[in-house]
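Structure first, then comments.
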Amino acid sequence: MSSTVIADFLSTAPLAEEGGAISADRFDYQKNWALARLLTLHQGSGNYVLLCELHEDIAVLDCPDQPSCAAFYQIKTSAKSAWTLKKLTNRKKGKSGDALPSILGRLCAKAAQLKQEQVTFQFVTNVGSGYGFPVTEKASEPSGERLFEVLKPTEWEVMRTCLADELGEDFEEPLREQLTVSIAQIHLDTHNETAVGLVTNFLDQHVKGAHIRPKAFYRTLFDELRRRTVAKRPSGTISEVCSAKGIDRASFNLMLDSARSVAPAAGAWANVLAELHKDNVPFPVRVKLREAYPDYFSRMQSPLDGAFRRDRQILVAAGESVMANSSTLFDMANAAVALARSDSGYGAAALSPEQELIVVMMTFYENQPQ
Numbered sequence: 004m005s006s007t008v009i010a011d012f013l014s015t016a017p018l019a020e021e022g023g024a025i026s027a028d029r030f031d032y033q034k035n036w037a038l039a040r041l042l043t044l045h046q047g048s049g050n051y052v053l054l055c056e057l058h059e060d061i062a063v064l065d066c067p068d069q070p071s072c073a074a075f076y077q078i079k080t081s082a083k084s085a086w087t088l089k090k091l092t093n094r095k096k097g098k099s100g101d102a103l104p105s106i107l108g109r110l111c112a113k114a115a116q117l118k119q120e121q122v123t124f125q126f127v128t129n130v131g132s133g134y135g136f137p138v139t140e141k142a143s144e145p146s147g148e149r150l151f152e153v154l155k156p157t158e159w160e161v162m163r164t165c166l167a168d169e170l171g172e173d174f175e176e177p178l179r180e181q182l183t184v185s186i187a188q189i190h191l192d193t194h195n196e197t198a199v200g201l202v203t204n205f206l207d208q209h210v211k212g213a214h215i216r217p218k219a220f221y222r223t224l225f226d227e228l229r230r231r232t233v234a235k236r237p238s239g240t241i242s243e244v245c246s247a248k249g250i251d252r253a254s255f256n257l258m259l260d261s262a263r264s265v266a267p268a269a270g271a272w273a274n275v276l277a278e279l280h281k282d283n284v285p286f287p288v289r290v291k292l293r294e295a296y297p298d299y300f301s302r303m304q305s306p307l308d309g310a311f312r313r314d315r316q317i318l319v320a321a322g323e324s325v326m327a328n329s330s331t332l333f334d335m336a337n338a339a340v341a342l343a344r345s346d347s348g349y350g351a352a353a354l355s356p357e358q359e360l361i362v363v364m365m366t367f368y369e370n371q372p373q
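Add 3 to a position in the sequence shown, counting from 1, and you land on the number used in this note's numbering.
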């Protein structure tokens, strides 16, 4: 039987928090954890949607239009110390003197509005910090381990009492099944490299023969997760919310298809670099172009980047207009950029000068007969 409780809650319930001054690396770790979770979900057979910064750091639904189950994840990093039960239930005082939600209190506060629904709440931390209580290897898996199973009876009772006092209701029975903990197998100091490795393995196993560059596709996924993270929740249906704040199987496949279509660009880029060298374009200029290429490639792979598509179209048209009067590829690109910038409809994508040049030069070689 379908239910609208989860959909209504995610679409309309007041958000506990929409931002915070937390370090950039913490945000990057969170997105890399989400990326790893996304790859795992996509290797499954069913539909899904992974939501960023919507009621929790990460939430996963079974579908984007009429969800019947949800998993909420709170990802906390710690460079050294372990997470003790006291830390997880401690309530600091706010500026007004009122007690702020504890870590577990905030995570489990949704239990009151989602009674009888298929929901789980998982606290995740990084390898190297761990917990001040025993956690088995099961907790390193996405499903985590139920907290009451890893705590001593007295510890569980203390935690239950703290949450009951904070939330104003005793959720012991449902939380026995719903509240889990896990240690992510991603180190804080190597999370970027680990995520790139996971993308490489995913492409090797599931997208064979497509010649997609792992680092470029990683960048595409990371950038999409960042866009979903900062996007505001729209007023509308759960489908509209998921479209703005989440990535589902269909949108992931769309990114894969786009990556497949631009994979041959590696040959065009090699030709561009060779011609720039032959035409004695200054070395510092070529270095800047090399450094700008990954960002260009990432945006090329994103079918959802409408501003980039519009500006690229103007640049391509400008390149065709100046081609006959250009002596070198680099001269043509510079002339095309100057012409495009005179167009009143150009500039929404905020491309760097190097990215503008790359668009024109890459298009020239990609349009050559094979």
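For every residue, glycine included, the Cβ atom is placed at its ideal position computed from N, Cα and C.
Output needed for residue i: all residues of its chain with C-beta closer than 7 Å, excluding positions within five of it in sequence on either side, in chain order.
i: residue 252; result: 45, 50 and 51
i: residue 188; result: 130 and 143
i: residue 136; result: 88, 153, 154 and 158
i: residue 25; result: For residue 25, the predicted structure reports a pLDDT of 43, less than 50, and the residue's modelled location is therefore unreliable. The matter cannot be settled from this model.
i: residue 109; result: 19
i: residue 196; result: none
i: residue 338; result: 325 and 329
i: residue 270; result: none
i: residue 150; result: 182, 183 and 184
i: residue 331; result: 282
Who are the near neighbours of residue i in its chain, counting only those whose CB is closer than 6 Å to its CB and skipping five residues on each side?
i: residue 78; result: 33, 36, 60 and 127
i: residue 299; result: 358 and 361
i: residue 310; result: 351 and 352
i: residue 75; result: 59, 62 and 124
i: residue 64; result: 52, 70 and 73
i: residue 167; result: 173
i: residue 9; result: 70, 73 and 120
Helix, strand or coil for residue i per DSSP?
i: residue 76; result: strand
i: residue 193; result: helix
i: residue 354; result: coil
i: residue 185; result: strand
i: residue 34; result: helix
i: residue 211; result: coil
i: residue 83; result: coil
i: residue 95; result: coil
i: residue 329; result: coil
i: residue 277; result: helix
i: residue 349; result: coil
i: residue 363; result: helix
i: residue 264; result: helix
i: residue 344; result: helix
i: residue 180; result: helix
i: residue 217; result: helix
i: residue 284; result: coil
i: residue 334; result: helix
i: residue 28; result: helix
i: residue 314; result: helix
i: residue 308; result: coil
i: residue 271; result: helix
i: residue 297; result: helix
Who are the Cβ neighbours of residue i in its own chain at under 8 Å, not counting the five residues just before and after it?
i: residue 41; result: 53, 224, 228, 250 and 255
i: residue 198; result: 35, 38, 39, 189, 221 and 225
i: residue 247; result: 231, 234, 235, 236 and 237
i: residue 67; result: 50, 52, 241, 242, 245, 246, 249 and 251
i: residue 29; result: 80
i: residue 6; result: 71 and 120
Answer yes or no: do residue i and residue j have a C-beta to C-beta separation smaller than 8 Å?
i: residue 107; j: residue 91; result: yes
i: residue 13; j: residue 241; result: yes
i: residue 342; j: residue 325; result: yes
i: residue 154; j: residue 162; result: yes
i: residue 113; j: residue 103; result: no
i: residue 31; j: residue 209; result: no
i: residue 363; j: residue 322; result: yes
i: residue 333; j: residue 282; result: yes
i: residue 111; j: residue 178; result: yes
i: residue 261; j: residue 306; result: yes
i: residue 215; j: residue 263; result: yes
i: residue 355; j: residue 295; result: yes
i: residue 115; j: residue 172; result: yes
i: residue 365; j: residue 284; result: no
i: residue 316; j: residue 258; result: no
i: residue 82; j: residue 134; result: no
i: residue 308; j: residue 349; result: no
In the stretch 226 to 262, which residue ranges form an unbroken beta strand (DSSP E) of at least 3 residues, counting only runs that do not cross its ends? 249 to 251
Examine the Cβ distances between the stretch 112 to 128 and the stretch 170 to 188 and report whether three or more of them are shorter than 8 Å. yes
To test your reading of the DSSP string, which unbroken beta strand (DSSP E) runs of 3 or more residues are found completely within the stretch 98 to 172? 121 to 130
Between the stretch 296 to 312 and the stretch 203 to 223, do at least 3 Cβ pairs fall closer than 8 Å? yes
Please give the ranges of any beta strand (DSSP E) in the stretch 46 to 70, keeping only runs that are unbroken, at least 3 residues long and fully inside the region. 52 to 55 and 61 to 64
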